[in-house]
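So the sequence shown is residues -20 to -1, 1 to 113, counted in mature numbering (1 follows the signal peptide of the UniProt record, and there is no 0). For reference, the structure discussed in these notes is given below.
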Amino acid sequence: MRRFMLAVSISAGLASGAFAQNAEIEANIAGQIQAFMVDDFATAFTFASPTIQRLFGTPENFGVMVRRGYPMVWRPADVRFLELREISGALWQKVMITDGDGQIHILDYEMIPQEEGWKINGVQLLGNSDPAA
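Following this line, the structure appears as C-alpha coordinates:
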(Lines of atoms letter the chains of each structure in order from A and count residues from 1; the text may use other names and numbers.)
(Lines give C-alpha, C1' and ligand atoms only; values in the text may rest on other atoms or scores of the structure.)
Protein backbone atom coordinates (compact mmCIF):
# COMPACT_ATOMS: atom_id res chain seq x y z
CA MET A 1 0.00 0.00 0.00
CA ARG A 2 2.85 2.39 0.81
CA ARG A 3 4.42 1.79 -2.60
CA PHE A 4 1.09 2.46 -4.28
CA MET A 5 0.63 5.75 -2.38
CA LEU A 6 4.21 6.77 -3.20
CA ALA A 7 3.63 6.01 -6.88
CA VAL A 8 0.39 8.04 -6.85
CA SER A 9 2.16 10.96 -5.14
CA ILE A 10 5.02 10.91 -7.64
CA SER A 11 2.62 10.69 -10.58
CA ALA A 12 0.55 13.59 -9.25
CA GLY A 13 3.69 15.67 -8.81
CA LEU A 14 4.86 14.93 -12.33
CA ALA A 15 1.42 15.68 -13.74
CA SER A 16 1.20 19.04 -11.95
CA GLY A 17 4.69 19.92 -13.21
CA ALA A 18 3.66 19.01 -16.75
CA PHE A 19 0.48 21.10 -16.37
CA ALA A 20 2.50 24.12 -15.18
CA GLN A 21 4.92 23.67 -18.07
CA ASN A 22 2.01 23.42 -20.52
CA ALA A 23 0.38 26.56 -19.07
CA GLU A 24 3.65 28.51 -19.36
CA ILE A 25 4.13 27.43 -22.97
CA GLU A 26 0.56 28.34 -23.90
CA ALA A 27 0.93 31.72 -22.16
CA ASN A 28 4.11 32.42 -24.14
CA ILE A 29 2.48 31.67 -27.50
CA ALA A 30 -0.71 33.55 -26.57
CA GLY A 31 1.34 36.56 -25.45
CA GLN A 32 3.16 36.68 -28.75
CA ILE A 33 -0.08 36.40 -30.73
CA GLN A 34 -1.68 39.18 -28.64
CA ALA A 35 1.31 41.40 -29.40
CA PHE A 36 0.99 40.64 -33.12
CA MET A 37 -2.69 41.58 -33.06
CA VAL A 38 -1.83 45.15 -32.00
CA ASP A 39 1.26 45.37 -34.23
CA ASP A 40 3.57 45.42 -31.20
CA PHE A 41 6.41 43.59 -32.92
CA ALA A 42 8.92 44.68 -30.26
CA THR A 43 6.98 42.77 -27.60
CA ALA A 44 6.29 39.84 -29.95
CA PHE A 45 10.03 39.61 -30.59
CA THR A 46 10.68 39.06 -26.86
CA PHE A 47 8.81 35.74 -27.00
CA ALA A 48 11.21 34.41 -29.65
CA SER A 49 14.33 32.43 -28.79
CA PRO A 50 17.77 34.02 -29.06
CA THR A 51 18.33 32.00 -32.25
CA ILE A 52 15.23 33.49 -33.89
CA GLN A 53 16.15 36.97 -32.66
CA ARG A 54 19.63 36.66 -34.20
CA LEU A 55 18.16 35.34 -37.44
CA PHE A 56 15.85 38.37 -37.93
CA GLY A 57 17.95 40.97 -36.15
CA THR A 58 15.18 43.47 -35.42
CA PRO A 59 11.53 43.39 -34.37
CA GLU A 60 10.68 45.15 -37.65
CA ASN A 61 12.25 42.38 -39.77
CA PHE A 62 10.50 39.81 -37.61
CA GLY A 63 7.18 41.60 -38.11
CA VAL A 64 7.60 41.65 -41.89
CA MET A 65 8.24 37.89 -41.89
CA VAL A 66 5.14 37.21 -39.78
CA ARG A 67 2.84 39.47 -41.83
CA ARG A 68 4.01 37.86 -45.09
CA GLY A 69 4.54 34.26 -44.03
CA TYR A 70 2.07 33.76 -41.19
CA PRO A 71 -0.85 36.16 -41.70
CA MET A 72 -3.14 33.81 -39.75
CA VAL A 73 -0.92 34.33 -36.68
CA TRP A 74 -0.77 38.10 -37.21
CA ARG A 75 -4.57 38.45 -37.40
CA PRO A 76 -6.26 35.34 -35.97
CA ALA A 77 -9.99 35.11 -35.41
CA ASP A 78 -9.59 32.18 -33.00
CA VAL A 79 -6.69 30.35 -31.34
CA ARG A 80 -6.94 26.91 -29.73
CA PHE A 81 -4.17 24.97 -28.11
CA LEU A 82 -4.00 21.31 -28.97
CA GLU A 83 -1.49 18.76 -27.68
CA LEU A 84 1.96 19.43 -26.32
CA ARG A 85 4.38 16.66 -27.14
CA GLU A 86 8.02 15.75 -27.03
CA ILE A 87 9.75 14.90 -30.31
CA SER A 88 13.44 13.95 -30.25
CA GLY A 89 13.94 15.77 -26.95
CA ALA A 90 12.21 19.00 -28.05
CA LEU A 91 8.78 20.19 -26.94
CA TRP A 92 6.28 21.02 -29.68
CA GLN A 93 2.97 22.74 -29.05
CA LYS A 94 0.31 22.20 -31.69
CA VAL A 95 -2.01 25.19 -32.21
CA MET A 96 -5.16 25.50 -34.30
CA ILE A 97 -5.69 29.01 -35.65
CA THR A 98 -8.77 30.19 -37.51
CA ASP A 99 -8.11 33.19 -39.73
CA GLY A 100 -10.52 36.04 -40.54
CA ASP A 101 -11.91 34.12 -43.54
CA GLY A 102 -12.77 31.09 -41.41
CA GLN A 103 -9.88 29.00 -42.76
CA ILE A 104 -8.35 26.70 -40.15
CA HIS A 105 -4.57 26.37 -39.92
CA ILE A 106 -2.62 23.89 -37.79
CA LEU A 107 0.77 25.13 -36.62
CA ASP A 108 3.49 23.49 -34.58
CA TYR A 109 5.55 25.68 -32.23
CA GLU A 110 8.95 24.42 -31.12
CA MET A 111 9.54 25.59 -27.55
CA ILE A 112 12.85 25.80 -25.72
CA PRO A 113 13.51 26.59 -22.06
CA GLN A 114 15.56 29.68 -21.24
CA GLU A 115 16.45 31.26 -17.89
CA GLU A 116 13.61 33.75 -18.28
CA GLY A 117 11.07 31.09 -19.32
CA TRP A 118 9.95 29.28 -22.44
CA LYS A 119 10.74 30.79 -25.84
CA ILE A 120 9.49 30.06 -29.35
CA ASN A 121 12.30 28.56 -31.43
CA GLY A 122 10.38 28.06 -34.65
CA VAL A 123 6.94 27.54 -36.14
CA GLN A 124 5.87 25.06 -38.79
CA LEU A 125 2.63 25.29 -40.74
CA LEU A 126 1.34 21.73 -40.70
CA GLY A 127 -1.62 22.32 -42.96
CA ASN A 128 -5.07 23.72 -43.36
CA SER A 129 -8.34 22.11 -42.48
CA ASP A 130 -11.74 22.56 -43.98
CA PRO A 131 -14.09 23.61 -41.13
CA ALA A 132 -16.98 21.92 -42.96
CA ALA A 133 -15.23 18.53 -42.95
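Where is the CB? At the ideal position from N, CA and C, for every residue including glycine.
{"Query": "Closest by C-alpha distance to L106, when choosing among D88, P39 and Q94", "Result": "D88"}
{"Query": "Segments of 4+ residues assigned as alpha helix (DSSP H) that fall wholly inside the segment 36 to 100", "Result": "39 to 49 and 51 to 54"}
{"Query": "Straight-line Cα distance separating P39 from D58", "Result": "24 Å"}
{"Query": "Opening and closing residue of the alpha helix (DSSP H) in which residue 114 lies", "Result": "Since the first and last residues shown for the chain are -20 and 113, residue 114 lies out of range."}
{"Query": "Among T23, A24 and K99, nearest to L71 - alpha-carbon criterion", "Result": "K99"}
{"Query": "Contacts around E63, its chain only, beta-carbon distance under 7 Å, and the 5 residues preceding and following it disregarded", "Result": "K74"}
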